[in-house]
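Student: Residue numbers (the numbering used here): 2 to 565. By construction, the Cβ of each residue, glycine as well, lies at the ideal position given by its N, Cα and C atoms. Would you mind keeping the following structure in view while I ask a few things?
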């Protein structure tokens with residue numbers, strides 16, 4: 002036991018007044034310190050818990066400090082607090098057998114420091130899932146669906162338009178963004194023009210506020226942003242090169258990236274993807290004043306410095322796009338053409354898994370104006386873009402941009418987004434030749450349900466659900482996304498269960514998923530929710546399936562079936 006001695010008030014006053022008298026009598030009082038918090042768990046199973054089962058546990062403590070409870074595998078162990086804030090319910094759902102750790106953390110109080118305690122249990126998984134083929138027979142009740150016609154608008158995909166933002170006067174309002182969304186634009190390019198800072202000095206506080214206001218408007222309007230920073234957007238290669246300064250010194254650019262890190266972090270939720278930018282005219286890494294023209298050792302070293310800074314500044318959940326595939330090698334992020342991403346290394350948080358591409362001279366000629374100086378780089382980007390975000394724009398008419406070749410290239414390179422405003426001649430020809438609407442429909446994902454099979458509904462018992470569908474789009478969803486089965490009873494009560502499959506793996510072609518839920522009522526409706534983990538309360542950011550009469554925009558739920 003610790004002892005604390007406290008001076009009497011009289012002695013304290015005397016000391017403060019500078020008195021020299023010695024204390025007399027017993028002027029110290031022994032105070033017993035309260036014991037440290039003794040966090041305790043009650044009700045956590047010691048035996049293995051079967052998938053589909055639940056338990057309730059309580060957390061106690063000697064302290065009145067606030068306690069927070071979390072699990073390390075939230076999609077395998079669904080944690081919900083009961084009305085009594087000291088009691089919690091966990092429902093286990095997992096295909097594999099695995100250990101789950103519960104952590105209770107208590108904040109410090111006057112008497113106690115922070116305290117933490119853990120408890121663990123084992124989920125016995127329901128076993129490896131054998132996914133059925135498109136024509137395999139499946140037991141259970143079958144529900145079939147009809148594909149929707151035309152474009153099914155959803156987040157993080159499609160044709161885009163944009164805004165160039167030099168000052169507060171250029172910032173779009175929430176109403177501007179909403180209007181674009183009504184027109185069918187779910188992704189918007191925000192081009193932040195840093196020209197006023199090209200001569201040196203830091204980015205002003207006023208302009209950082211401008212950047213934040215732009216992101217606020219995008220969020221309020223229900224869209225996502227393709228983000229690019231550059232120092233010059235109006236440029237004529239024939240007359241401006243090399244006299245017109247296109248970027249500051251390298252160290253100044255690195256300082257600007259560091260300044261932008263807080264605002265990028267704050268707006269992770271509405272950032273779709275960040276284009277590398279900053280260097281050269283339009284931020285496309287060519288016609289650079291201080292980073293040199295690509296080709297020299299110095300040019301790649303300076304660009305590597307920029308990319309390393311961006312990888313630190315941009316939230317880890319978001320990808321950064323390079324202008325050409327060759328830069329991924331020249332900057333040392335790929336070792337060889339054989340060192341491409343795979344299903345095992347995609348979306349693993351590594352640097353190379355975060356580097357996508359934007360082709361801003363799509364279909365212009367045999368090399369897309371220097372994008373592909375070698376055929377091997379085409380092969381490489383076809384493989385990489387299966388697992389990373391690909392987008393951009395066209396830049397001129399050519400026979401490579403005829404409809405048949407356009408669709409083939411969009412498929413081969415897994416395109417997710419495309420500029421609807423440039424090049425005007427190319428887009429006009431697509432409209433005339435009849436492939437423009439196909440492009441609008443298929444950019445990114447287009448998830449079309451084929452059928453759903455489910456077992457008999459018994460209240461309180463796990464019910465297996467098999468979902469078969471096609472992705473008729475050019476690409477899989479790319480950013481993190483959750484998949485939930487949602488059971489809604491006749492009174493509106495909801496229970497959510499993880500589907501157990503990552504939408505980022507739903508590539509073009511046939512797909513299947515097998516999940517389970519526990520019905521809480523004899524009647525009810527089962528939905529599939531494909532929510533954005535950072536915007537789960539906003540249904541406009543949930544993925545719609547491309548079937549008729551299935552998506553509810555007020556909830557973000559896709560209706561699978563109803564039991565009456």
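When DSSP labels each residue in this structure, what does residue 145 get in the three-state scheme?
Tutor: For the purposes of this step, residue 145 is taken as residue 144 along the chain shown, with counting starting at 1. Residue state, collapsed to three classes: strand.
Student: Taking the Cβ atom as the reference point for each residue, do residue 365 and residue 396 lie within a distance shorter than 9 Å?
Tutor: Locating residue 365 in the chain shown gives position 364, counting from the first residue. Locating residue 396 in the chain shown gives position 395, counting from the first residue. In contact: residue 365 and residue 396 (Cβ atoms closer than 9 Å).
Student: Measuring straight from C-alpha to C-alpha, what distance separates residue 548 and residue 171?
Tutor: Position 547 of the chain shown, counted from the first residue, corresponds to residue 548. Position 170 of the chain shown, counted from the first residue, corresponds to residue 171. Taking the straight line from one Cα to the other gives about 38 Å.
Student: Within the chosen definition, does the stretch 336-350 reach the stretch 292-299 through at least 3 CB pairs nearer than 8 Å?
Tutor: No, they do not touch.
Student: Measuring only the C-alpha atoms, how far is residue 369 from residue 100?
Tutor: In the chain shown, the residue the question calls residue 369 occupies position 368. In the chain shown, the residue the question calls residue 100 occupies position 99. So the two alpha carbons sit approximately 51 Å from each other.
Student: Quick one: what's got a C-beta closer than 7 Å to residue 301's C-beta in the same chain, skipping five residues either side?
Tutor: Taking the first residue of the chain shown as 1, we reach residue 301 at position 300. If we look at residue 301 and ignore the five residues flanking it on each side, its Cβ neighbours are 331 and 332.
Student: DSSP has residue 359 in a bridge; who is on the other side?
Tutor: Numbered from its first residue, the chain shown carries residue 359 at position 358. According to DSSP, which records beta bridges pairwise, residue 359 is partnered with 392.
Student: Unbroken alpha helix (DSSP H) runs of length 4 or more, entirely within the stretch 273-341: which are they?
Tutor: Here the runs fully enclosed are 298-314 and 327-331.
Student: Between which residues of its own chain and residue 246 is the CB-CB distance below 7 Å, once the five residues before and five after are set aside?
Tutor: Residue 246 sits at position 245 when you count from the first residue of the chain shown. Here the set comprises 199 and 290.
Student: Under 8 Å by Cβ, that's how I've got residue 187 and residue 214 pegged, so tell me the actual separation to the nearest angstrom.
Tutor: Taking the first residue of the chain shown as 1, we reach residue 187 at position 186. Taking the first residue of the chain shown as 1, we reach residue 214 at position 213. Not really, about 20 Å apart at Cβ, beyond 8 Å.
Student: Give the straight-line distance between the Cα atoms of residue 175 and residue 53, rounded to the nearest whole angstrom.
Tutor: As a first step, residue 175 must be located in the chain shown, where it is residue number 174. As a first step, residue 53 must be located in the chain shown, where it is residue number 52. One C-alpha to the other measures close to 43 Å.
Student: Whose C-beta lies closer than 6 Å to the C-beta of residue 412 among residues of the same chain, with five residues either side of it excluded?
Tutor: In the chain shown, counting from the first residue as 1, residue 412 sits at position 411. Answer for residue 412: 475, listed in chain order.
Student: For residue 479, name the three-state secondary structure that DSSP assigns.
Tutor: Counting from 1 along the chain shown, the entry for residue 479 is found at position 478. Coil, per DSSP.
Student: Who pairs with residue 458 in a beta bridge, going by DSSP?
Tutor: By 1-based counting over the chain shown, the position of residue 458 is 457. Looking at the DSSP assignment, residue 458 forms no beta bridge with any residue, so it has no partner.
Student: What's the call for residue 278, buried or exposed, on a 16-neighbour Cβ count within 10 Å?
Tutor: Position 277 of the chain shown, counted from the first residue, corresponds to residue 278. Buried is the call here.
Student: Quick one: using the 10 Å Cβ neighbour count with 16 as the cut-off for buried, is residue 460 buried or exposed?
Tutor: On the chain shown, position 459 is the one that residue 460 refers to. Looking at its Cβ environment, which holds fewer than 16 other Cβ atoms inside 10 Å, residue 460 is exposed.
Student: Taking the alpha carbon of residue 104 as the point to measure from, which residue in 97, 520, 117 and 95 has its own alpha carbon closest?
Tutor: As a working note, residue 104 is residue 103 in the chain shown. Ranking 97, 520, 117 and 95 by Cα distance to residue 104 puts 117 first.
Student: Given a cut-off of 9 Å on the beta-carbon distance, is the pair residue 50 and residue 122 in contact?
Tutor: Taking the chain shown and counting its residues from 1, one reaches residue 50 at position 49. Taking the chain shown and counting its residues from 1, one reaches residue 122 at position 121. Yes, they are a contact pair.
Student: Answer yes or no: do residue 388 and residue 344 have a C-beta to C-beta separation smaller than 9 Å?
Tutor: In the chain shown, the residue the question calls residue 388 occupies position 387. In the chain shown, the residue the question calls residue 344 occupies position 343. Taking 9 Å as the Cβ cut-off, residue 388 and residue 344 qualify as a contacting pair.
Student: How many Å lie between residue 66 and residue 495 at the Cα?
Tutor: Translated into positions along the chain shown, residue 66 becomes position 65. Translated into positions along the chain shown, residue 495 becomes position 494. The straight-line gap from Cα to Cα measures roughly 31 Å.
Student: Alpha carbon to alpha carbon, what distance is there between residue 463 and residue 522?
Tutor: If you number the chain shown from 1, residue 522 lands on position 521. If you number the chain shown from 1, residue 463 lands on position 462. Computed Cα separation, rounded: 12 Å.
Student: Quick one: what does DSSP say residue 539 is sitting in, helix, strand or coil?
Tutor: Taking the chain shown and counting its residues from 1, the one referred to as residue 539 is at position 538. Three-state DSSP puts residue 539 in coil, outside helix and strand.
Student: Find the nearest neighbour of residue 443 within the set 377, 477, 139 and 349, judged by alpha-carbon distance.
Tutor: For the purposes of this step, residue 443 is taken as the residue at position 442 of the chain shown. Checked all of 377, 477, 139 and 349; the closest Cα to residue 443 is 477.
Student: Determine the burial state of residue 145: buried for a count of at least 16 other Cβ atoms within 10 Å of its Cβ, exposed for fewer.
Tutor: As a working mapping, residue 145 is identified with position 144 in the chain shown. Burial call: exposed.
Student: Would residue 96 count as contacting chain B if we go by Cβ distances under 9 Å?
Tutor: Chain labels in this structure do not include chain B; a single protein chain is all it has.
Student: For a test of the three-state rule: what should DSSP assign to residue 125, helix, strand or coil?
Tutor: Numbered from its first residue, the chain shown carries residue 125 at position 124. Residue state, collapsed to three classes: strand.
Student: Roughly how many angstroms lie between the CA atoms of residue 87 and residue 316, to the nearest whole one?
Tutor: Numbered from 1 along the chain shown, position 86 holds the residue referred to as residue 87. Numbered from 1 along the chain shown, position 315 holds the residue referred to as residue 316. Distance between the alpha carbons of residue 87 and residue 316 is about 34 Å.
Student: Looking only at C-alpha atoms, which of 489, 511 and 507 sits nearest to residue 134?
Tutor: Translated into the one-based positions of the chain shown, residue 134 becomes position 133. The candidate whose alpha carbon is nearest that of residue 134 is 511.
Student: What residue ranges within the stretch 373-447 form continuous alpha helix (DSSP H) runs of no fewer than 4 residues, ordered along the chain?
Tutor: The qualifying runs are 376-385, 404-413, 425-434 and 437-443.
Student: CB residue 501 to CB residue 513, shorter than 9 Å?
Tutor: The count along the chain shown starts at 1 and reaches residue 501 at position 500. The count along the chain shown starts at 1 and reaches residue 513 at position 512. No, Cβ-Cβ distance for residue 501 and residue 513 is not below 9 Å.
Student: Which of the three DSSP states, helix, strand or coil, is assigned to residue 57?
Tutor: Numbered from 1 along the chain shown, position 56 holds the residue referred to as residue 57. Strand, per DSSP.
Student: Rounded to whole angstroms, what's the CA-CA distance from residue 202 to residue 329? Just pull it up for me.
Tutor: Position 201 of the chain shown, counting from 1, holds the residue named residue 202. Position 328 of the chain shown, counting from 1, holds the residue named residue 329. The straight-line gap from Cα to Cα measures roughly 30 Å.
Student: Return the CA-CA distance between residue 236 and residue 115, expressed in angstroms with no decimal places.
Tutor: Counting from one through the chain shown, the residue named residue 236 turns up at place 235. Counting from one through the chain shown, the residue named residue 115 turns up at place 114. Cα-Cα distance, rounded: 57 Å.
Student: Taking three-plus beta-carbon pairs below 8 Å as touching, is the stretch 416-436 in contact with the stretch 151-167?
Tutor: Enough Cβ pairs lie closer than 8 Å, so yes.
Student: Could you tell me which of 535, 425, 193 and 90 sits nearest to residue 70, measuring between CA atoms?
Tutor: Along the chain shown, one-based indexing puts residue 70 at 69. Considering only alpha carbons, the answer is 90.
Student: What are the start and end residues of the alpha helix (DSSP H) that includes residue 216?
Tutor: On the chain shown, position 215 is the one that residue 216 refers to. 206-222 is the extent of the alpha helix (DSSP H) around residue 216.
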